[in-house]
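A.B. asks: Heads up: take any position in the sequence shown, counting from 1, add 4, and you land on the working numbering.
My questions will all concern the structure given below.
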Amino acid sequence: MPTHSRVLILGSGPAGYTAAIYAARASLEPVMVAGPEPGGQLTTTTEVENYPGFPKGITGPDMMEEFRQQAERFGTQLHYDMGVRVDLSRRPFVVEGEADTYHGDALIIATGASAKWLGLPNEQRLRMSGGGVTACATCDGAFYRNQDVAVIGGGDTAMEEATFLTRMCRSVHLIHRRDTFRASKIMQTRAIENPKITVHYNTEVSDVLGGDRVVGLALRDTVNGATRELPVTGLFLAIGHQPNSEIFKGQLDMDETGYLKVRPGSTYTNVPGVFACGDVADKVYRQAVSAAGTGCMAAIDAERWLAEHL
């Protein structure tokens, strides 16, 4: 027998949990399906210092645990499953998971986005342990004050991250595997002319060095194959994010990179009764606090839509 709810929420990061809190307090008895990474990207973040209300900071996992407890306190049903197929052509909307099938009169999508990584073993080990590998300069840059760090990437995000880090870091090494950047000209100029930024063209990272913490990078020249080491204490990946929207292809409007499109100033998608919030619909800010804000919006949008249509 499928699990039915008035509001079905896919995803359990800040956006999903906030939507659940608001929907539950509106007596909508939401059902949340937490994906393969309950708590979202914050569960891989060691220290969160820029979320309002936590003046002493809090770890990402601890914050998401508090979000979960608050959502469940008001009656959210949490299912640890992974949506593998959806049918948005009829109501109630149908989400088939690996363990169960879920029906929702309204659907809130908060599946988030995943940062792209190099895939190096030490990169992943130090990322998961909070040892100095991250994909968010805005989130973690303050931890590297007066240190030497590296940014990998060649697009606007890499230029922006590198420039931002110069505000607190002693030096920033911008590493790109090609001989030209794909970033806009103004962003390139801003980064290249910054005296704190050293650009390394035709260079790729072959290994991340360090035991408990990053102490350097093993670099390889993509033209002649020469290798060298670069001493840094932090590595910032800026090679893009991938929205977790694959299962909605062909049913919801997306941009060219897969981010869900919503009506400006709202969380409404092109399918009535389906709402998108958090990083799956936001390729600009990608912050926990902005995701939570749109989660609130999605719950209010869903509540009003249900009141009008059901």
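Glycine residues also receive a C-beta, built at the ideal position from the N, C-alpha and C atoms.
Is it the case that the Cβ atoms of Val293 and Ala280 are separated by a distance below 7 Å?
C.D. replies: Taking the sequence shown and counting its residues from 1, the one referred to as residue 293 is at position 289. Taking the sequence shown and counting its residues from 1, the one referred to as residue 280 is at position 276. Contact flag unset, no.
A.B. asks: Buried or exposed: Tyr84, going by 16 or more other Cβ atoms within 10 Å of its Cβ?
C.D. replies: Numbered from 1 along the sequence shown, position 80 holds the residue referred to as residue 84. The residue in question, Tyr84, is exposed, as its Cβ has fewer than 16 Cβ neighbours within 10 Å.
A.B. asks: According to DSSP, which residues form a beta bridge with Met258?
C.D. replies: Here residue 258 is taken as the residue at index 254 of the sequence shown, counted from 1. According to DSSP, which records beta bridges pairwise, Met258 is partnered with Leu264.
A.B. asks: Please classify Asn126 as buried or exposed, where buried requires at least 16 other C-beta atoms within 10 Å of its C-beta.
C.D. replies: Start at 1 with the first residue of the sequence shown, and residue 126 comes out as number 122. Flag for Asn126 reads buried.
A.B. asks: Going by Cα to Cα distance, which pick from Ser118, Val99, Ala119, Asp104 is closest to Leu111?
C.D. replies: Taking the first residue of the sequence shown as 1, we reach residue 111 at position 107. Comparing Cα positions, the closest option is Val99.
A.B. asks: What would DSSP say about Thr231, mapped onto helix, strand or coil?
C.D. replies: Start at 1 with the first residue of the sequence shown, and residue 231 comes out as number 227. Of the three classes helix, strand and coil, the one that applies to Thr231 here is strand, per DSSP.
A.B. asks: Whose CA, out of Ile304, Arg174, His180, Glu165, lies closest to the CA of Gly158?
C.D. replies: In the sequence shown, counting from the first residue as 1, residue 158 sits at position 154. Of the listed residues, the one whose Cα sits closest to Gly158 is His180.
A.B. asks: Could you give the DSSP three-state label for Phe168: helix, strand or coil?
C.D. replies: The residue you call residue 168 lines up with position 164 of the sequence shown. Looking at Phe168 - three-state DSSP - the assignment turns out to be helix.
A.B. asks: Measuring alpha carbon to alpha carbon, tell me which of Gly134, Asn206, Gly79 ends up nearest Val52.
C.D. replies: Position 48 of the sequence shown, counting from 1, holds the residue named residue 52. Residue Gly134 is the option with its Cα nearest to Val52.
A.B. asks: So Asp109 packs on Arg10, CB below 8 Å; how close in whole Å?
C.D. replies: Residue mapping note: residue 109 aligns to position 105 of the sequence shown, counting from 1. Residue mapping note: residue 10 aligns to position 6 of the sequence shown, counting from 1. That belief holds up - the Cβ atoms of Asp109 and Arg10 are roughly 5 Å apart, short of 8 Å.
A.B. asks: Leu14 and Gly87: beta carbons closer than 7 Å?
C.D. replies: As a working note, residue 14 is residue 10 in the sequence shown. As a working note, residue 87 is residue 83 in the sequence shown. The answer is yes: Cβ separation under 7 Å.
A.B. asks: Would you mind stating whether Val236 and Asp144 have Cβ atoms separated by less than 7 Å?
C.D. replies: The count along the sequence shown starts at 1 and reaches residue 236 at position 232. The count along the sequence shown starts at 1 and reaches residue 144 at position 140. It is not a contact, given that the beta carbons lie outside the stated cut-off.
A.B. asks: Could you tell me whether the stretch 242-259 touches the stretch 156-175, using the rule of 3 or more Cβ pairs below 8 Å?
C.D. replies: Yes: the two stretches touch, three or more of their Cβ pairs being nearer than 8 Å.
A.B. asks: Below 8 Å on the Cβ atoms is my contact criterion, and I expect Leu223 with Val212 to pass it. Report the Cβ-Cβ distance as a whole number of Å.
C.D. replies: Within the sequence shown, numbered from 1, the residue matching residue 223 stands at position 219. Within the sequence shown, numbered from 1, the residue matching residue 212 stands at position 208. With 8 Å as the limit, Leu223 and Val212 do not qualify as a contact, their Cβ atoms being about 11 Å apart.
A.B. asks: Looking only at its chain, what residues have a beta carbon closer than 7 Å to the beta carbon of Pro65, apart from the 5 residues adjacent to it on each side?
C.D. replies: As a working note, residue 65 is residue 61 in the sequence shown. Gly43, Thr47.
A.B. asks: If you check the beta carbons only, do Pro18 and Ala295 fall under 7 Å apart?
C.D. replies: What you label residue 18 is simply residue 14 of the sequence shown in a count that begins at 1. What you label residue 295 is simply residue 291 of the sequence shown in a count that begins at 1. Yes, Cβ-Cβ distance for Pro18 and Ala295 is below 7 Å.
A.B. asks: Contact check, Asp225 vs Asn198 under 8 Å by CB: the rounded distance?
C.D. replies: The sequence position of residue 225 within the sequence shown is 221, counting from 1. The sequence position of residue 198 within the sequence shown is 194, counting from 1. Not a contact, Cβ separation roughly 23 Å.
A.B. asks: Tell me the rounded alpha-carbon separation between Glu250 and Gly39.
C.D. replies: As a first step, residue 250 must be located in the sequence shown, where it is residue number 246. As a first step, residue 39 must be located in the sequence shown, where it is residue number 35. Near 13 Å, if we compare the C-alpha coordinates of Gly39 and Glu250.
A.B. asks: Buried or exposed for Arg171, going by 16 or more other Cβ atoms inside 10 Å?
C.D. replies: As a first step, residue 171 must be located in the sequence shown, where it is residue number 167. It counts as exposed.
A.B. asks: Residues in its own chain within less than 6 Å of Tyr148 by CB, not counting five upstream and five downstream?
C.D. replies: Locating residue 148 in the sequence shown gives position 144, where the first residue counts as 1. If we look at Tyr148 and ignore the five residues flanking it on each side, its Cβ neighbours are Cys173, Gly238.
A.B. asks: Write down the C-beta distance between Met36 and Gln81 rounded to the nearest angstrom, noting that I regard them as a contact closer than 8 Å.
C.D. replies: As a working note, residue 36 is residue 32 in the sequence shown. As a working note, residue 81 is residue 77 in the sequence shown. Confirmed, Cβ separation roughly 7 Å.
A.B. asks: Can you check which of these residues, Val203, Leu32, Gly277, Trp309, is closest to Ser93 by C-alpha distance?
C.D. replies: Stepping through the sequence shown from its first residue, residue 93 is reached at position 89. The option with the nearest alpha carbon to Ser93 is Gly277.
A.B. asks: By DSSP's criteria, Ala162 is part of a beta bridge. Which residues make up the other side?
C.D. replies: The residue you call residue 162 lines up with position 158 of the sequence shown. Ala162 pairs with nothing; no bridge assigned.
A.B. asks: Going by the C-beta, is Arg171 closer than 6 Å to any heavy atom of the ligand FAD?
C.D. replies: No copy of the ligand FAD appears in this structure; indeed no ligand is present at all.
A.B. asks: On a CA-only basis, which of Arg129, Tyr55, Thr63, Trp309 is nearest Asp216? Give me that one, please.
C.D. replies: If you number the sequence shown from 1, residue 216 lands on position 212. When each option's Cα is compared against that of Asp216, the closest is Arg129.
A.B. asks: So, at 7 Å on beta carbons, what are the nonlocal neighbours of Asp259 in its own chain, with the 5 sequence-adjacent residues on each side left out?
C.D. replies: The count along the sequence shown starts at 1 and reaches residue 259 at position 255. So the qualifying residues of the chain are Lys265.
A.B. asks: When the Cα atoms are used, what is the spatial distance from Ser188 to Ala195?
C.D. replies: Residue mapping note: residue 188 aligns to position 184 of the sequence shown, counting from 1. Residue mapping note: residue 195 aligns to position 191 of the sequence shown, counting from 1. Computed Cα separation, rounded: 11 Å.
A.B. asks: Please classify Tyr21 as buried or exposed, where buried requires at least 16 neighbouring CB atoms within 10 angstroms.
C.D. replies: Your numbering for residue 21 matches position 17 in the sequence shown. With 16 or more Cβ atoms within 10 Å of its Cβ, Tyr21 is classed as buried.
A.B. asks: Pull the bridge partners of Phe279 from the DSSP assignment, please.
C.D. replies: By one-based count along the sequence shown, residue 279 stands at place 275. The partner list for Phe279 (beta bridge, DSSP) reads Ile112, Tyr272.
A.B. asks: Return the CA-CA distance between Thr271 and Ala302, expressed in angstroms with no decimal places.
C.D. replies: Residue numbering aside, residue 271 sits at position 267 when the sequence shown is read from its first letter. Residue numbering aside, residue 302 sits at position 298 when the sequence shown is read from its first letter. Cα to Cα, the separation comes out at about 5 Å.
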